[in-house]
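Asker: Got a structure here, written out as structure tokens. Questions coming.
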Amino acid sequence: MIRKLIPLIALVVVQGALAQTPDAPPPWKQGISEEQTKSTLHPFAPVLTGVDAKDLPISSLKVPAGFKVEVWMEGVTNARSMIQSPQGTVYVSNRNGKNVYAIVEKDGKRVMKTVAKGLDTPNGIAMIDGTLYIAERGRIVKLENIESLLDNPPEPVQVVDGLDPTNGPGHFWKYMVAGPDKKLYFNIGSPQNITLPNYIQAAILRVDPKTGVIERIATGVRNSVGMAFHPVTKKLWFTEHARDWISDDLPNDELNVLNKVGENFGYPFCHQGDLPDPIYGKFGSCSEFTKPVLKLGAHVAPLGLRFYTGKMFPAEYKNNIFVARHGSWNRTSKQGYDVMRIVLDANGKVVKYEPFLTGFLTNDKGDPPMWGRPVDVQVIADGSMLVSDDHNGIIYRISYAK
Amino acid sequence: MESSTVLVTQNKVNMTFLKVKQNAMSLGLIAFLISSFSLSANAADIAAGKAKAEALCNACHGPNGNSQSPDIPALAGMPPLSISNTLYYYREGNRKNPIMTPIAAGLSNAEMKDVAAYYASQAREVTHTTKPENVEVGAKLAQQYNCTQCHGPNLLGLQHIPRVAGQNHDYLLTQLKGFKAMTRADMDGNMSSAVSAIKLEDLVLIGDYVAGLKSQ
Chain A
3 MIRKLIPLIA LVVVQGALAQ TPDAPPPWKQ GISEEQTKST LHPFAPVLTG VDAKDLPISS
63 LKVPAGFKVE VWMEGVTNAR SMIQSPQGTV YVSNRNGKNV YAIVEKDGKR VMKTVAKGLD
123 TPNGIAMIDG TLYIAERGRI VKLENIESLL DNPPEPVQVV DGLDPTNGPG HFWKYMVAGP
183 DKKLYFNIGS PQNITLPNYI QAAILRVDPK TGVIERIATG VRNSVGMAFH PVTKKLWFTE
243 HARDWISDDL PNDELNVLNK VGENFGYPFC HQGDLPDPIY GKFGSCSEFT KPVLKLGAHV
303 APLGLRFYTG KMFPAEYKNN IFVARHGSWN RTSKQGYDVM RIVLDANGKV VKYEPFLTGF
363 LTNDKGDPPM WGRPVDVQVI ADGSMLVSDD HNGIIYRISY AK
Chain B
77 MESSTVLVTQ NKVNMTFLKV KQNAMSLGLI AFLISSFSLS ANAADIAAGK AKAEALCNAC
137 HGPNGNSQSP DIPALAGMPP LSISNTLYYY REGNRKNPIM TPIAAGLSNA EMKDVAAYYA
197 SQAREVTHTT KPENVEVGAK LAQQYNCTQC HGPNLLGLQH IPRVAGQNHD YLLTQLKGFK
257 AMTRADMDGN MSSAVSAIKL EDLVLIGDYV AGLKSQ
């Protein structure tokens, strides 16, 4: 065992030294191979000031027969994660923006209020017993009794911090979901495209908001920005963004299930369950790690997912998974920019993986290739499903009628 | 998508690019032109942007955005999303500046888009001259340190990525040094890490080279 570890230890030492050399590339290009260095692929940015729905080809959005998609709310600049409170309020987070919004229905109209502003990357939101929790870059904060204070929200109060100790570039934005155990589940992403993470990085953690005690429950997860608990088994299902700069088609992004606390899903040694990493692969075997339940496509950027538990969609949609795919930048032919439907059998095995909401992608070779990018999905009280689009600051609603 | 407004500057970028010997990208660029034309509902009001800019911005940023002060950025010929996202960052607090913060505080999202569209439509008049000994090595460094990957082959910018070609020299160098010191805000740490690899003397060289770049 120690003999196998010696090269790994040496690699860590060498990697530490390498990080200081002037040849280190920026994080989005880190891990790139020689042939790829002339690539002009680059990340996209949202239109932070928002785009009006009237200036977008909304009618080109497609959903299956019987379903309808429409604009539910616009002007929700940088709309990211969504949750709905028992009172019906829809909360929406930001990532590049600094706010958290609450959308309420008042006299038949939808009104957007700002319940938190000036936060640092407040991407993750969850609600437990009337308290709204927000996962920022380095900490989780809370707004208690928020439903009665929407017009005069309290100052956020810190729950736990130290969640981004390096304060450097990397995957520092967080997704968060409340568990059936009333703990908050969230990710801390890898600090680079491909690297050995520290103890709390490339992981999923949970914190008890009452005590502030943090546990690390899954490792080897490069960056998860979407999590949901199965309504029946209560297991944690999560999406994962795999590394860049291997090729257009490898590795796939993943859909994973946590069966046991402490499970290791492979990063940085093994990707998509069966692809040893070009650099780290020799230090581990893919057979040691938990495989994904579904390969979601290469560089599709899967984000939020939900199990359908509403009463509006036809019966065959019960407990299906809907997953938002933000869409690729690290691929010469772009893909994603949609919401996919995943059907599971009685044993939780995937039997179908098919498009549900499409139309945002207009030209897979274009720069940019799309006019909108789904981020999160949220089934609301009437059984319809909301889809957020951070690129335009718009939330769409998908409904079904016989 | 960002280019719901089709702009003169974007077309200039694309026309310039098509001359570059990268065949695979040309097809993508042609497709991009087609897609951007088909989605060109005129979202921003350039006339309103011009009026706003003349009232609020040109005093510092110069006539039609060609700033005459070396430490105040020129805005003429900037991709519009780079301006509107930056104004958003100033208003929201992602980026802080004692002069820009209160100015941005008074701008609505629509006004930011209008001003951005106006400046994007203006022609940049480059006044800086690169030292002759820096021209060839500057071009090489800009490629080596990945500037051209995001800012475009002629550093004219695109989408949210600003035009740096021909930017005022002192402003440009201050930003580069700020990225290196990690005091200058950026999106997702991209610029801080891009510059962290570059030693100071190369940064100065790059600054001199880029500030003297004229558009085709």
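These protein sequence lines map, in sequence, to chains A and B. For the first sequence, the positions run 3 to 404 when the working numbering is used. For the second sequence, the positions run 77 to 292 when the working numbering is used. By construction, the Cβ of each residue, glycine as well, lies at the ideal position given by its N, Cα and C atoms.
1. With which residues is residue 208 (chain A) paired in a DSSP beta bridge?
2. In this structure, what does DSSP give as the bridge partners for residue 35 (chain B)?
3. For residue 166 (chain B), decide whether its Cβ has a neighbour in chain A, counting only Cβ atoms nearer than 8 Å.
4. What is the DSSP secondary structure of residue 242 (chain B), counted as helix, strand or coil?
5. By DSSP's criteria, residue 75 (chain A) is part of a beta bridge. Which residues make up the other side?
6. Please look up how many angstroms separate the CB atoms of residue 368 (chain A) and residue 393 (chain A), rounded, as I've assumed it's under 8 Å.
7. So with CB distances below 7 Å, who are the chain B contacts of residue 99 (chain A)?
8. What span of residues does the beta strand (DSSP E) with residue 116 (chain A) cover, start to end?
9. So what's residue 173 (chain A) in DSSP terms, helix, strand or just coil?
10. Name, going along the chain, the residues of the stretch 46–65 of chain A whose beta-carbon falls closer than 9 Å to a beta-carbon of chain B.
11. Check residue 137 (chain B) in the structure and name its three-state DSSP category.
12. Pick out the complete beta strand (DSSP E) segments inside the stretch 237–319 of chain A, 3 residues or longer, and give them in chain order.
13. Give the straight-line distance between the Cα atoms of residue 286 (chain A) and residue 269 (chain A), rounded to the nearest whole angstrom.
14. Excluding the 5 residues flanking residue 202 (chain A) on each side, which residues of the same chain have their C-beta closer than 6 Å to its C-beta?
15. Starting from the beta carbon of residue 197 (chain B), find every residue of chain A whose beta carbon is closer than 9 Å, and list them in chain order.
16. Report the residue from A:380, A:323 and A:338 whose alpha carbon sits nearest the alpha carbon of residue 365 (chain A).
17. Considering just the uninterrupted stretch of the alpha helix (DSSP H) at residue 167 (chain B), what are its terminal residues?
18. Since I believe residue 340 (chain A) is in contact with residue 362 (chain A) (beta carbons under 8 Å), could you give me their beta-carbon distance rounded to a whole number of angstroms?
19. Beta-carbon of residue 33 (chain A) versus every beta-carbon of chain B: anything under 8 Å?
20. So, is the C-beta of residue 189 (chain B) closer than 8 Å to a C-beta in chain A?
21. Quick one: what's residue 390 (chain A) bridged to in DSSP?
22. Any chance the CB of residue 390 (chain A) is under 7 Å from a heavy atom of the ligand NAP?
23. Going by the DSSP bridge assignment, what does residue 355 (chain A) pair with across the sheet?
24. At the level of alpha carbons, what is the spacing between residue 304 (chain A) and residue 255 (chain A)?
25. Give the DSSP bridge partners of residue 405 (chain A), in chain order.
26. With 8 Å as the threshold, decide whether the Cβ of residue 171 (chain A) is near any Cβ in chain D.
27. Under the rule that 16 or more other beta-carbon atoms within 10 Å means buried, what is residue 144 (chain B), buried or exposed?
28. Under 8 Å by Cβ, that's how I've got residue 118 (chain A) and residue 102 (chain A) pegged, so tell me the actual separation to the nearest angstrom.
29. Between residue 376 (chain A) and chain B, is any beta-carbon pair separated by less than 8 Å?
30. Comparing the C-beta of residue 120 (chain A) with each C-beta of chain B, is any distance below 8 Å?
31. For residue 265 (chain B), decide whether its Cβ has a neighbour in chain A, counting only Cβ atoms nearer than 8 Å.
32. Rounded to whole angstroms, what is the Cα-Cα separation between residue 288 (chain A) and residue 382 (chain A)?
33. Touching or not, the stretch 159–177 of chain A and the stretch 138–148 of chain A, by the rule of three or more beta carbon pairs under 8 Å?
34. Cβ atoms of residue 291 (chain A) and residue 222 (chain A): under 8 Å apart, would you say?
35. Within 10 Å of its beta-carbon, does residue 252 (chain A) have 16 or more other beta-carbons around it, so buried, or fewer, so exposed?
36. With a cut-off of 8 Å, does the C-beta of residue 67 (chain B) fall near any C-beta of chain A?
Answerer: Taking the structure as given:
1. A:187 and A:217
2. A question about residue 35 (chain B) goes unanswered here, because the residues of chain B that appear run from 77 up to 292.
3. no
4. Coil at residue 242 (chain B), not helix or strand.
5. A:397
6. In fact, because the Cβ distance is near 14 Å, the residues do not count as touching under 8 Å.
7. 168
8. 111–118
9. coil
10. 46, 47, 48, 49, 50, 51, 52, 53, 54, 56, 57, 58 and 59
11. helix
12. 238–242, 254–260, 296–300 and 304–309
13. 10 Å
14. 190
15. Going along chain A, no residue has its Cβ under 9 Å from residue 197 (chain B), so there is no contact; the nearest lies around 17 Å.
16. A:338
17. 156–168
18. 7 Å
19. no
20. yes
21. Residue pairing from DSSP places residue 390 (chain A) in a beta bridge opposite A:397.
22. For the ligand NAP, the structure offers nothing, since it holds no ligand at all.
23. Under DSSP, residue 355 (chain A) shares a beta bridge with A:344.
24. Distance between the alpha carbons of residue 304 (chain A) and residue 255 (chain A) is about 7 Å.
25. The shown model of chain A, from 3 to 404, leaves out residue 405 (chain A), and the question about it has no answer.
26. Looking for chain D here will not work: the only protein chains present are A and B.
27. Exposed, by the Cβ-count rule.
28. Correct: roughly 4 Å between the Cβ atoms.
29. no
30. yes
31. yes
32. 39 Å
33. yes
34. yes
35. exposed
36. Chain B is shown from 77 up to 292; residue 67 (chain B) falls before or after that span and cannot be answered.
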